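All remarks here apply to the structure that follows.
Number of protein chains: 2
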Amino acid sequence: MKVIKGNIVSATGFGELTILENGFIVLDKAGKIAAVTEHLTEEQKRLPLMDYGERLILHSFVDMHLHAPQYPMLGMGMDLSLLDWLNTYTFQMEARFSDVEYAREVYQRLAADLIHWGTTRVVMFSSLHTQATWVLMEELEKAGLTGYVGKVNMDRNGGVNLQETTKESKRETLRWLDGCERFQRIKPIITPRFTPSCTDGLMDWLGRLAEERNLFVQSHMNENLEEIRLVKELVPDCDRYWQTYAKHRMWKDHTVMAHCVHIDKDEIAALKEANVVVAHCADSNINICSGIAPVRQLVKEGVWVTLGSDIAGGAQLSMAEVITMTIRSSKILAMQKQEDGNFLSVAEGYYLGTVSGHKYFGSGEGFCVGDMFHAIVVDDSDRISLGRKMTVQERFERMIYRMKKENIVAVYSEGKKVLG
Amino acid sequence: MKVIKGNIVSATGFGELTILENGFIVLDKAGKIAAVTEHLTEEQKRLPLMDYGERLILHSFVDMHLHAPQYPMLGMGMDLSLLDWLNTYTFQMEARFSDVEYAREVYQRLAADLIHWGTTRVVMFSSLHTQATWVLMEELEKAGLTGYVGKVNMDRNGGVNLQETTKESKRETLRWLDGCERFQRIKPIITPRFTPSCTDGLMDWLGRLAEERNLFVQSHMNENLEEIRLVKELVPDCDRYWQTYAKHRMWKDHTVMAHCVHIDKDEIAALKEANVVVAHCADSNINICSGIAPVRQLVKEGVWVTLGSDIAGGAQLSMAEVITMTIRSSKILAMQKQEDGNFLSVAEGYYLGTVSGHKYFGSGEGFCVGDMFHAIVVDDSDRISLGRKMTVQERFERMIYRMKKENIVAVYSEGKKVLG
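So the sequence lines, in the order shown, correspond to chains A and B. For the first sequence, the numbering used here gives the first residue as 1, with consecutive numbering after it. For the second sequence, the numbering used here gives the first residue as 1001, with consecutive numbering after it.
Pasting the structure below:
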């Protein structure tokens, strides 16, 4: 057991911050939170103490949607339209991951960078390559991350060297799942790329597999208008995009749907009813001109909303940057709708980028007794003096807006220090 | 004389890149560009060579609008509406600059950070304090920056401890100008904060002073709708905001107007006719919910557009980040107007954040013979392998999106190496 001390900023609800100055978090041997307190008991005082002094202790980030094989192309092709971008960069990039050595090099770097940026839990797309997907899972686990990784399924509308036959897709999915048993903290998740990439036959098989093996599902939905039209064309018996997943048993509790940009009342009701998780990807949605998702409205209406970097449609791996882009994006919508002040606050953005994602892994709100400890320690001592003492909340807000890699001086994942 | 070698990426026009791989820039003794060439003459080969190898040589950035005394509050108060933000943070913050020692500490840091982020030329607001404004000019000059700094004038609608009488404002402005003669590269610029802050009497006096002494002018215009309404109320004889400046001889060649978010045909015509420079501040306009300026339209219609970080409405000093936020902001407008593809390209953003600003200082487009050399050297060797060779243009695009302080390994201002 051990004790961690610092200025604790806990997201105890959507938009609700609980600040404990010079507070203590007691961890048990398994890395679970045993106590969060202002004063230690005599017994706790005898435990080894990690004193972070004036530094901030924040929730670590959760990245609920990103494409690992697109990491090398971060920040590239941003002038292209979605289809050109997919064909010129994305599909060619992903096809390279048939090369396992290359995959190892990229995924080692990705895993290290995630930790450096304070992201400890992920829900992630790999490519369609079985071998490379195992490598990704290995590297994430080695770096100390927790999460879900999916071998991508796509048996239609792929790129050159980036498509499977239905038979291959099924065979490789089973082979991949068999090889996943050795992982402790990185679990497989069923991953049809999106409806346009998967035939009905494959979708049906994946849905049944997810059900039989009790696996979660992730995919994309309602990212842009052209895609929505395409889905209608491809699956004429479904009125709504979500029904193309529901039809095959994949519209269910804990299914993660990236984007959900263009969304109406009925779709919101469908999300809520099934407890499907929205992974909102503000930076990507702007960069590739998908649209602006009504993120605050979704939350207010009771939808489970989390955030994703969506690299490489998104140009930043840092979830602090993703949070502030999410806030900006919500401000743009507030301006468009002339709804003064109806934008995400910093506290709300922080909640979405941390706790709302941690809940996917069974954690509660805030730093809760019994939960695995996932946190970052932030040193903002390079801050410019305001000419007066800054409150912890001011320092926190500023760090969400200004966090650089070097501000993150320690990272805890599953109660273990994985950086610093 | 000396020679600089590297991969030169020159913005030779709006959206036009000229790339010289392993090219040379020859500098004369005064720091002016004597040649840009693929091959050195025998004589040039004997000059001292600074070989930057595979690194990129880019134009340095020009920040055409920022508030120096707001630097300490960067990233703070982002949940507040404009008026609360001004009263809770901004005016209180600026009032602190009556303390010259505090000013010294902040401005030393600001000047150093500007250079670290590759900004070598600025057009900047100080506060209304004469002494602190000199300190700012000193520190900028010491750090190697070139630019224009204005002691702010405001004789109405200020904050507590942040307003002058008309008489004080005039007296201090003259005193300030007298003390500016000692500066070589930092010049004074006449700076009525904006129409709501200055009485007609003061405006008139400032306009005449600018004319008599042949000084440029900077101010704010059409930032948000409430402000526009207020100006109409305050100056009922002017139909348009710009006329409140024109009336007092301040709507003229090289006048810098920050924002110009809400703008119509007539105002665009007025900007063009007078050769007034727009300092577009995308990040700030989003953060404080001012609106989205039609930046690409302005350029296309022939308005002189440059970029500003507008700290601390803007949350980032890095002009690379400002450029990509400008691009994002233009993409949002393209989506709103359903004008597919009518957004700023990376090359266009680069032009606006560099060359368009350098032109304010008399430079031409691209790296031109005869111009003072203003450049940054960018090391992107920490990039992740794409599994193939990246072109210089790809590396450039990626660096505009991903530039961190540590990528900027050398900075040249007025031909002198000021960093690295």
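Note that the Cβ used here is the ideal one computed from N, Cα and C, for glycine as well. Remember, predicted model here, so these are calculated numbers, not experimental data.
- For the set B:K1232, B:R1193, B:Q1044, B:V1217, the Cα lying nearest the Cα of B:K1005 is the one of B:Q1044.
- Under DSSP, A:Q92 takes part in no beta bridge, so it has no partner.
- When DSSP assignments are scanned along the region 312-392 of chain A, the uninterrupted stretches of beta strand (DSSP E) that are 3 or more residues long and fall wholly within it turn out to be 375-378.
- Excluding residues up to 5 positions away in sequence, L344, G349 lie with their Cβ nearer than 6 angstroms to the Cβ of A:I327 in the same chain.
- A:N287 has a beta carbon lying within less than 8 angstroms of a beta carbon in chain B.
- Judged by DSSP secondary structure, B:S1284 falls within the alpha helix (DSSP H) whose first and last residues are 1282-1287.
- If you draw a straight line from the Cα of B:N1214 to the Cα of B:Q1163, it is about 26 angstroms long.
- Of the other Cβ atoms in all chains shown, 16 or more fall within 10 Å of the Cβ of A:G313; this residue is therefore buried.
- Cβ-Cβ distances below 7 angstroms link A:H39 to nothing in the same chain once the five nearest sequence neighbours on each side are left out.
- DSSP, reduced to helix, strand and coil, places B:V1231 within a helical segment of the structure shown.
- Taking B:R1046 as reference, the option from B:H1059, B:V1026, B:L1056, B:I1033 with the minimal CA-CA separation is B:V1026.
- B:M1001 is classed as exposed because its beta carbon has fewer than 16 other beta carbons within 10 Å across all chains shown.
- DSSP, read as helix, strand or coil, puts A:M73 in helix.
- For A:D63, there is no enclosing alpha helix (DSSP H); the enclosing beta strand (DSSP E) has its first and last residue at 61-67.
- By the neighbour-count criterion, in which 16 or more other beta carbons inside 10 Å mark a residue as buried, B:D1371 falls on the buried side.
- Between A:R182 and the set A:D155, A:M137, A:I189, the nearest pair of CA atoms involves A:M137.
- Remark: three or more beta-carbon pairs, one from each stretch, lie closer than 8 angstroms, so the region 1391-1410 of chain B and the region 1365-1380 of chain B are flagged as touching.
- According to DSSP, residue pairing for B:I1408 in a beta bridge involves B:V1378.
- Sixteen is the threshold: when 16 or more other Cβ atoms of the shown chains lie within 10 Å of the Cβ of B:R1193, as they do, the residue is buried.
- Here the alpha carbon of B:L1225 sits roughly 13 angstroms from the alpha carbon of B:D1264.
- In the DSSP annotation of this structure, the continuous segment of the beta strand (DSSP E) that includes A:S219 starts and ends at 218-221.
- Using a Cβ-Cβ cut-off of 8 angstroms, A:V299 does not count as an interface residue toward chain B, since no Cβ of chain B sits closer than that to its own.
- Not flagged as an interface residue toward chain B: A:P294, since no C-beta distance is shorter than 8 angstroms.
- Taking a contact to require three or more Cβ pairs closer than 8 angstroms, the region 1058-1065 of chain B and the region 1351-1361 of chain B qualify as touching.
- Rounded to the nearest whole angstrom, the CA to CA distance from A:I311 to A:N7 is 31 angstroms.
- Contact of B:K1005 with chain A is not assigned, every C-beta pair being separated by 8 angstroms or more.
- Annotation: Cβ neighbours of A:I384 in chain B (cutoff 7 angstroms, chain order): Y1071, P1072, V1106, R1109.
- With a 10 Å radius around the Cβ and a threshold of 16 neighbouring Cβ atoms, A:Q218 comes out buried.
- When secondary structure is reduced to three states using DSSP, B:M1078 falls in the coil class, being assigned neither helix nor strand.
- Closest in alpha carbon position to A:L174, among A:G158, A:V160, A:L128, is A:L128.
- Residue burial annotation: B:P1236 is exposed, with fewer than 16 other C-beta atoms found within 10 angstroms of its C-beta.
- Flagged as an interface residue toward chain B: A:D79, by a C-beta distance shorter than 8 angstroms.
- Boundaries of the beta strand (DSSP E) harbouring A:K5: 2-13, taken from the DSSP string.
- Assignment of beta strand (DSSP E) within the region 1247-1275 of chain B, counting only whole runs of 3 or more residues, yields 1256-1259 in chain order.
- When B:V1409, B:Y1107, B:V1418, B:K1417 are compared, the shortest CA-CA separation from B:G1053 is found for B:V1409.
- Residue B:A1111 holds the alpha-carbon nearest to the alpha-carbon of B:A1068 among B:A1111, B:V1100, B:A1035.
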